[in-house]
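If you're matching positions, the sequence shown starts at 1 in my numbering and goes up one per residue.
Glycine included, each C-beta is placed from N, C-alpha and C at the ideal position.
Predicted model, so just to flag it, every value in this text is computed and none were measured.
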Amino acid sequence: MIPESTILGAFLGIGCICVYRGIIKLGNKKLESFERRRGFWPLNAGLILIAISMILLMQLGST
């Protein structure tokens, strides 16, 4: 197993968890509007982690 792909796979999983947590926080109607909007931070961080890991996995696979 290639260690680089394992690390990138872990980043992909962490990104998915961040996106999930962000979506849950955005959809929670019990929180105030300001607190709900704070859910965008994990959502955006997760999307960035997913995008970076997928791009690097594609570059790793093409070499």
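Between CYS18 and ALA45, the CB-CB gap stays under 8 Å. Distance from LEU8 to LEU57 at the Cβ level is roughly 5 Å; contact confirmed, criterion being Cβ atoms closer than 8 Å. Counting along the chain, the unbroken alpha helix (DSSP H) around ILE23 starts and ends at 3-27. By the neighbour-count definition (other C-beta atoms within 10 Å, threshold 16), LEU49 is a buried residue. Take LEU31, set aside five residues on each side of it, and the residues of its chain with a beta-carbon closer than 8 Å to its own are LYS25, in chain order.
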